[in-house]
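Here's the structure we're looking at; comments come further down.
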Amino acid sequence: QQQVKQSPQSLIVQKGGISIINCAYENTAFDYFPWYQQFPGKGPALLIAIRPDVSEKKEGRFTISFNKSAKQFSLHIMDSQPGDSATYFCAASKGYGAAGNKLTFGGGTRVLVKP
Amino acid sequence: DTGVSQNPRHKITKRGQNVTFRCDPISEHNRLYWYRQTLGQGPEFLTYFQNEAQLEKSRLLSDRFSAERPKGSFSTLEIQRTEQGDSAMYLCASSWGRDNSPFFGPGTRLTVL
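Heads up: the sequence lines are chains A and B, in that order. Per our numbering, the first sequence starts with residue 74, numbered consecutively. Per our numbering, the second sequence starts with residue 1043, numbered consecutively.
Now the structure itself:
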């Protein structure tokens, strides 16, 4: 049962362009939504995270948009650079403040930024 | 290096053998997680510790898998009688407190021949 669906599976963007990755979730108990970046042979690294009490969060070139009613959230990478070429995973967990922070991950999006 | 460390980084074994992986979390982190990631997929949750207590195990964790975290410090994940389907990247992550995202280690890539 895939509780977090991520799209597209891959995308190619020109340097300086905008990369947009979308995720949809089913479990309304989810209330914490991080994004991770993973390079080949490395573990996932936290990029940015959002809680449902805000609709948007920006950190540098990375922005999360959150639509609670649609149960969707997305990552925008502005001014994409070749160094951003990686696989990006959305994730979700439930229980704000509850014990544990077990993450359910999406399937990943492989981003290639062409110079 | 103050990040999460995992050893070994790579392990090749023959079907039926036992393997053990080690994870050293960030020193002040009281929560430790194990995930499994197969090629082209997102990580899947296996199990979770708070200090030395194992609080949750996924249905993915068959009887051949066992994890421990003695004294609430490092953790080990053992797979007995390995099968080819166990081939994957095994990721460890740690976090502090209730509301902080886990930090992941580099993973141990297991290949079962």
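Beta carbons: idealized from backbone N, C-alpha and C, even for Gly.
In the DSSP assignment, arginine 1078 (chain B) falls within the beta strand (DSSP E) that extends over 1073-1079. In this structure the stretch 92-106 of chain A does not lie against the stretch 1050-1063 of chain B, because fewer than three pairs of beta carbons, one per stretch, are closer than 8 Å.
Considering only A:Val184, A:Gln76, A:Tyr98, A:Lys78, the residue with the shortest C-alpha distance to alanine 143 (chain A) is A:Tyr98.
Comparing alpha-carbon positions, the option among B:Leu1155, B:Arg1101, B:Thr1150 lying closest to serine 1047 (chain B) turns out to be B:Thr1150. The beta carbons of leucine 1152 (chain B) and lysine 1053 (chain B) sit closer together than 8 Å. Proximity of glycine 1114 (chain B) to chain A, defined by a Cβ-Cβ separation below 8 Å, is not satisfied. Judged by beta-carbon spacing, glutamate 1120 (chain B) lies beyond the 8 Å limit of threonine 1080 (chain B), meaning their Cβ atoms are not closer than that value. When C-alpha distances from isoleucine 121 (chain A) are compared across A:Asn140, A:His149, A:Phe112, the shortest belongs to A:His149. In this structure, serine 1100 (chain B) sits away from phenylalanine 1116 (chain B), with a CB-CB distance that is not shorter than 8 Å. Cβ neighbours of glutamate 1094 (chain B) within its own chain (closer than 7 Å, five residues either side excluded): Arg1111, Pro1112, Lys1113, Gly1114. Using a Cβ-Cβ cut-off of 8 Å, tyrosine 1090 (chain B) counts as an interface residue toward chain A, since at least one Cβ of chain A sits closer than that to its own. Note on geometry: alpha-carbon atoms of proline 1148 (chain B) and proline 113 (chain A) lie some 10 Å from one another.
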